[in-house]
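S.K.: Letter by letter, the sequence shown follows residues 57 to 869 in the numbering used here.
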Amino acid sequence: MKKPSKIEYISWSILGTIGLALFLIYQPEVVPLSKVKVTIGRAEAAQTAVSYLNTHGFDVTELDSLYRAVRFLPSPTQERPYQILNFSDEDYEFLEKHSPAYYWQVSWYDNSGRQLYQAFVSPDGRAFGFDHYVPEDVPGDSLTREEAQQVMDNFLETKLHLDLDKYELLEVSSDKQKSRMDYSLTYYSKYDFPGEIQLQLRTTLRGNQVHRVVTFFSTPERFRNESVMELQNEGIIRTVVVPVIMVVIFIILGVMYILRFHAGEIAIKAPIIVGMIYTVIMALMSLNTFDLWTTYGFGNASPAIRIASYLVVFALMGVFGAVMILASWSVGDSIVREKWGYKLTLFDRISSGRILFPSLLPSIFIGYMGGLVTVGLWAGLSYMVTENFSAWTESRSVAFLLTSYMPVFEVVGEALTDSLFYSFIGTLFLVAFFKKQLSRVIKNDSLNSFVAVLLMAALVSVSQSLIPLYPVSWRFGITLLSSFILGWIFVKYDLVAVLVAGFILSILPYAHELFLTEYFFTSGILSYVFALVPLGFGLFAYFKGTELTAEEIATKPSYVKLITQRERMAQELDIARNVQMSLLPKQNPIVDGYDIAGVCLPALEVGGDYYDFFHLGDGKIGIAIGDVSGKGVPAAIYMTLTKGILQTCASDSNSPKEVLNKLNKHIYNNIERNSFVSMFYAVLDMKKRTLRFSRAGHNPAIVIHRSKESNTLLEPRGMAVGLEAGEKFNETLEENEIQVERGDILTFYTDGFTEASTKDGEEFGEDRLFDVVSENKDSTANAIIQKVVRAAKSFVGNHPQHDDMTMVVIKVT
57 MKKPSKIEYI SWSILGTIGL ALFLIYQPEV VPLSKVKVTI GRAEAAQTAV SYLNTHGFDV
117 TELDSLYRAV RFLPSPTQER PYQILNFSDE DYEFLEKHSP AYYWQVSWYD NSGRQLYQAF
177 VSPDGRAFGF DHYVPEDVPG DSLTREEAQQ VMDNFLETKL HLDLDKYELL EVSSDKQKSR
237 MDYSLTYYSK YDFPGEIQLQ LRTTLRGNQV HRVVTFFSTP ERFRNESVME LQNEGIIRTV
297 VVPVIMVVIF IILGVMYILR FHAGEIAIKA PIIVGMIYTV IMALMSLNTF DLWTTYGFGN
357 ASPAIRIASY LVVFALMGVF GAVMILASWS VGDSIVREKW GYKLTLFDRI SSGRILFPSL
417 LPSIFIGYMG GLVTVGLWAG LSYMVTENFS AWTESRSVAF LLTSYMPVFE VVGEALTDSL
477 FYSFIGTLFL VAFFKKQLSR VIKNDSLNSF VAVLLMAALV SVSQSLIPLY PVSWRFGITL
537 LSSFILGWIF VKYDLVAVLV AGFILSILPY AHELFLTEYF FTSGILSYVF ALVPLGFGLF
597 AYFKGTELTA EEIATKPSYV KLITQRERMA QELDIARNVQ MSLLPKQNPI VDGYDIAGVC
657 LPALEVGGDY YDFFHLGDGK IGIAIGDVSG KGVPAAIYMT LTKGILQTCA SDSNSPKEVL
717 NKLNKHIYNN IERNSFVSMF YAVLDMKKRT LRFSRAGHNP AIVIHRSKES NTLLEPRGMA
777 VGLEAGEKFN ETLEENEIQV ERGDILTFYT DGFTEASTKD GEEFGEDRLF DVVSENKDST
837 ANAIIQKVVR AAKSFVGNHP QHDDMTMVVI KVT
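See below:
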């Protein structure tokens, strides 16, 4: 990486400081969980739940702890009203006592997997509800509606010590089971909440026993509809759009990986190691958060089968992520080295084991500042839209973090995997891929980079989010901006800076939430310590390491030589193509009585096709079309030589034979013996309407007669220019003359048209060329050329062509 200037250091320091300030000020405001007092962890929540369930007649002490799940969850209906409506401190206090917005949910399955026990514990350790699912075939009493209400009222007053004068029965429903009658009774609190909010108490009587008492925060229908709509939109994006994007990227990566692997142009060892590290981290993270509830999506199978299914699916997901990283690193690395190899210099040295060198610190510094800028933008912009545009946030990801056995490991693991996944797939591969594809249409390098990074950010914004922000459109917009910043850091600096920035962007929000949560304060401190590890390492490398030598900087992986060689050939191809295009006429001649047009379409491998017009005076014009042997830069050089000599020779004589003789002598003395130039040269006398011509080993010209049904091939004898010193060339070269009439069409072409072939090897041929010209003889010269070009391209399809297509058409008007 180019060492940042003093101005850059100062600018990034200021921006990073502002970003950190925005983050510290507004992050707690946009994550509702930050305001919740959490004083117990999963172990204490489980103990409280056991005691609470035992109090109400449910003994879970004998159940297998493997079948227990402890989750810290947000209330699905409370987070948004908390942020949108004006609740008083008294409202909050009442709700946190009776229906906390965040709570511990402790669940057990019995060993058969048929019965489910649940208890709900507040963040400060108060149990406030339970649920016990009993299969419908378990027998029980069948009470009347009045008896059921009496049993429930008595339970609420004597067991839960509720003052039922402050509640009113809202609804009673019955559910007939095989050998018992179940009742569901819903009460609502008479407490006056703002915004049509209602706190409900939902209870269930199975037989004559109370098996469920839970609180429910009921919101107005408009709240529910908007929330459901946003969740549906998010669901479509995550279950349809994101998988489709990932599959498309995976397919593109797979194809490019195979092609570059066979070409020997990709890294293998280092990506495999990183992919394995990614898989191990993901596996450890899954174990760190694993309990029976993570298998909820695997149906009603026995707990053992569900656990096994979960592990298999998660293993496949980990392998998929590792393969994506492996392929994106390998392919992205290969593409970047074509133009931006210097961006991987530091990363190369780290990959090779050379990790302590002072020049590592600037990249780490830029990464830290970039990470602080992005987290600051996230917090600041999220706060702005929640305060001014009725947006809201959720705390699912942070709440899930508290569920883990070791939150510190979850924070660090999440930061590492996010940084690896999005740095390699998003930044390294997608930016490089888009930049390479766009280079064909956007020649300005800065604009090309801008659009490439923007496209990458657009894709990443769909699949990545720092904060669950709704409506999702706001989330996409902010993610787009933050992803763009990370991508531009790569464009401006290097991959190490992006990896560090991604790490900081991911670790800080989680570390700060743990830091603000009373019970997990120590975990928050440790997470912050881990966040400083890259900086500490950079400082150690700066003061204790030795600077990279010029030889080390110049040292590249072995496969890079192949990429360099291919890129050099591509550059030569561009040079040759530019030379070829610069030598062609800038415009077609405009003369009375004749419609003249020409075209040259370079192939994948630039050949030496050439055409030109010479104004000879006295109503005469010279027409030349030729093909220099060879490809690339050598052909371009010979073409330049041919054009210069031919211009001089043509101005000295109106005889095509004499002109080609002179050209041959000069070319023979200036090119290698195995090189030559085929050429058709003619002089059109526009007054007499005659065409004098000679052919030096080139394709014949075609005359489509207006007054005749047959066509004429102009094919006088002659050998190619440059094959012989002069005597034999002169002896074999013929010069002929024909009279042209109004409506006649003269067509000169190179073998790129007639030898254009399909993938099966079938050639377009002269017959098809003649037919297309004949069928369009009433068209203009330029239109005839376009018809021929379209016909040839349609014939060959997508099969790549390796020879230029050049044509000149003259129509006598």
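The beta-carbon is built from N, C-alpha and C at its ideal position, and this holds for glycine as well.
Could you have a look at K222 and say whether DSSP puts it in helix, strand or coil?
M.R.: Here residue 222 refers to the residue found at position 166 when the sequence shown is read from its first residue. Reduced to three states, the DSSP call for K222 is helix.
S.K.: Put E771 into one of helix, strand or coil per three-state DSSP.
M.R.: The residue labelled residue 771 in the question sits at position 715 within the sequence shown. It is coil, neither helix nor strand.
S.K.: Between K499, Q174, I420, D741, which lies nearest to V589 when the distance is taken from Cα to Cα?
M.R.: As a position in the sequence shown, residue 589 is number 533, starting the count at 1. Considering only alpha carbons, the answer is I420.
S.K.: Use the C-beta contact count for S235: other C-beta atoms within 10 angstroms, 16 or more gives buried, fewer gives exposed.
M.R.: Residue mapping note: residue 235 aligns to position 179 of the sequence shown, counting from 1. Result: exposed.
S.K.: Over the uninterrupted alpha helix (DSSP H) stretch that includes R751, give me the two end residues.
M.R.: The residue you call residue 751 lines up with position 695 of the sequence shown. No alpha helix (DSSP H) holds R751; the beta strand (DSSP E) holding it covers 746-752.
S.K.: Whole-angstrom Cβ separation of Y575 and T95, contact assumed at under 8 angstroms?
M.R.: Walking along the sequence shown from the start, residue 575 turns up at place 519. Walking along the sequence shown from the start, residue 95 turns up at place 39. Contact flag correct, Cβ pair sits at about 5 angstroms.
S.K.: In the structure shown, what three-state DSSP assignment does H858 receive?
M.R.: Here residue 858 corresponds to residue number 802 of the sequence shown, with the count starting at 1. Here H858 sits in coil by DSSP.
S.K.: Apart from the five residues on each side of it in sequence, which residues of its chain come closer than 8 angstroms, Cβ to Cβ, to I381?
M.R.: As a working note, residue 381 is residue 325 in the sequence shown. Within the same chain, I381 has close Cβ partners P327, V330, G331, Y334, L476, F477, F480, I481.
S.K.: With distances taken between CB atoms, is the gap from F804 to I679 smaller than 8 angstroms?
M.R.: Here the question's residue 804 lines up with position 748 in the sequence shown. Here the question's residue 679 lines up with position 623 in the sequence shown. The answer is yes: Cβ separation under 8 angstroms.
S.K.: Can you list, in chain order, the residues of its chain whose CB lies under 6 angstroms from that of D238, leaving out five sequence neighbours each side?
M.R.: By one-based count along the sequence shown, residue 238 stands at place 182. If we look at D238 and ignore the five residues flanking it on each side, its Cβ neighbours are D231, R262.
S.K.: Just to confirm my understanding: we take I841, look at its own chain, exclude 5 residues before and 5 after, and list those with CB closer than 8 angstroms. What are they?
M.R.: If you number the sequence shown from 1, residue 841 lands on position 785. So the list reads A653, G654, V655, M863, V865, once near-sequence residues are dropped.
S.K.: So, helix, strand or coil for N644, using DSSP?
M.R.: As a position in the sequence shown, residue 644 is number 588, starting the count at 1. Three-state DSSP puts N644 in coil, outside helix and strand.
S.K.: Looking at the secondary structure, which residues open and close the alpha helix (DSSP H) in which H154 lies?
M.R.: Here the question's residue 154 lines up with position 98 in the sequence shown. Per DSSP, H154 belongs to the alpha helix (DSSP H) from 145-154.
S.K.: To which residues does DSSP link L43 through a beta bridge?
M.R.: This structure cannot speak to residue 43, because the chain is shown only from 57 to 869.
S.K.: Quick one: what's K718 bridged to in DSSP?
M.R.: The residue labelled residue 718 in the question sits at position 662 within the sequence shown. Looking at the DSSP assignment, K718 forms no beta bridge with any residue, so it has no partner.
S.K.: Using three-state DSSP, classify R531 as helix, strand or coil.
M.R.: To locate residue 531, count along the sequence shown from 1; it is residue 475. R531 falls in the helix class under three-state DSSP.
S.K.: Report buried or exposed for T200, applying the criterion of at least 16 other Cβ atoms within 10 angstroms of its Cβ.
M.R.: Looking up residue 200 in the sequence shown gives position 144. The residue is exposed, with fewer than 16 neighbouring Cβ atoms inside 10 Å.
S.K.: Please classify Y737: is it buried, with 16 or more other beta-carbons within 10 angstroms of its beta-carbon, or exposed?
M.R.: Walking along the sequence shown from the start, residue 737 turns up at place 681. By the neighbour-count rule (16 or more Cβ atoms within 10 Å), Y737 is buried.
S.K.: Does E466 have its Cβ less than 8 angstroms from a Cβ in chain B?
M.R.: Structure shown: chain B not included; a single protein chain is present.
S.K.: S384 to K153, Cα distance in whole Å?
M.R.: Numbered from 1 along the sequence shown, position 328 holds the residue referred to as residue 384. Numbered from 1 along the sequence shown, position 97 holds the residue referred to as residue 153. Looking at the two C-alpha atoms, the distance is approximately 50 angstroms.
S.K.: Mind checking who D734 pairs with in its DSSP beta bridge?
M.R.: Position 678 of the sequence shown, counted from the first residue, corresponds to residue 734. The amino acid at residue 734 is misidentified as Asp; the sequence shows Ser. S734 pairs with D683.
S.K.: Going along the chain, which unbroken runs of the alpha helix (DSSP H) with 4 or more residues stay wholly within the stretch 171-229?
M.R.: If we require 4 residues or more, the alpha helix (DSSP H) runs fully inside the stretch 171-229 come out as 201-214.
S.K.: What span of residues does the beta strand (DSSP E) with S274 cover, start to end?
M.R.: In the sequence shown, residue 274 corresponds to position 218, counting from 1. That run of the beta strand (DSSP E) goes 265-274.
S.K.: By the three-class DSSP mapping on this structure, what secondary structure does P463 have?
M.R.: Walking along the sequence shown from the start, residue 463 turns up at place 407. Three-state result, P463: helix.
S.K.: Since G427 contacts V556 with CB under 8 angstroms, what's their CB separation in whole angstroms?
M.R.: Here residue 427 refers to the residue found at position 371 when the sequence shown is read from its first residue. Here residue 556 refers to the residue found at position 500 when the sequence shown is read from its first residue. Contact flag correct, Cβ pair sits at about 7 angstroms.
S.K.: Does the beta-carbon distance from L257 to Y313 come in below 8 angstroms?
M.R.: Residue mapping note: residue 257 aligns to position 201 of the sequence shown, counting from 1. Residue mapping note: residue 313 aligns to position 257 of the sequence shown, counting from 1. Not in contact: L257 and Y313 (Cβ atoms no closer than 8 angstroms).
S.K.: Helix, strand or coil, according to DSSP, for G353 in the structure here?
M.R.: As a working note, residue 353 is residue 297 in the sequence shown. A caution first: G353 carries a pLDDT of 47, below 50, which makes its placement in the model unreliable, though a value can still be read off. Three-state DSSP puts G353 in a helix.
S.K.: Below 8 angstroms on the Cβ atoms is my guess for Y189 versus Q171; work out the distance and round it to an integer in Å.
M.R.: Counted from its first residue, the sequence shown places residue 189 at position 133. Counted from its first residue, the sequence shown places residue 171 at position 115. Sure, about 6 angstroms apart at Cβ, within 8 angstroms.
S.K.: Going by C-alpha to C-alpha distance, which of V487, Y566, N142, Y158 sits closest to G251?
M.R.: Your numbering for residue 251 matches position 195 in the sequence shown. Here the closest residue by C-alpha is N142.
S.K.: Using beta-carbon positions only, say whether T275 and I253 come within less than 8 angstroms of one another.
M.R.: Taking the first residue of the sequence shown as position 1, residue 275 is located at position 219. Taking the first residue of the sequence shown as position 1, residue 253 is located at position 197. Yes, they are a contact pair.
S.K.: I need the straight-line Cα distance from Q83 to S438, nearest angstrom please.
M.R.: In the sequence shown, counting from the first residue as 1, residue 83 sits at position 27. In the sequence shown, counting from the first residue as 1, residue 438 sits at position 382. Looking at the two C-alpha atoms, the distance is approximately 9 angstroms.
S.K.: Is the CB-CB distance between A848 and F809 below 8 angstroms?
M.R.: In the sequence shown, residue 848 corresponds to position 792, counting from 1. In the sequence shown, residue 809 corresponds to position 753, counting from 1. Yes; because the gap between Cβ atoms is below 8 angstroms, this pair is in contact.
S.K.: Starting from M332, trace the alpha helix (DSSP H) in both directions and tell me its first and last residue.
M.R.: One-based indexing of the sequence shown puts residue 332 at position 276. Start and end: 325-345.
S.K.: Using the C-alpha atoms, what's the distance from S240 back to V228?
M.R.: Position 172 of the sequence shown, counted from the first residue, corresponds to residue 228. Position 184 of the sequence shown, counted from the first residue, corresponds to residue 240. C-alpha separation (whole angstroms): 6 angstroms.
S.K.: Using three-state DSSP, classify T869 as helix, strand or coil.
M.R.: Within the sequence shown, the letter at position 813 stands for residue 869. Three-state DSSP puts T869 in coil, outside helix and strand.
S.K.: Taking all protein chains shown into account, decide if H754 is buried (16 or more other Cβ within 10 angstroms of its Cβ) or exposed.
M.R.: Sequence index remark: in the sequence shown, residue 754 carries index 698 (1-based). It is buried - the Cβ of H754 has at least 16 other Cβ atoms within 10 Å.
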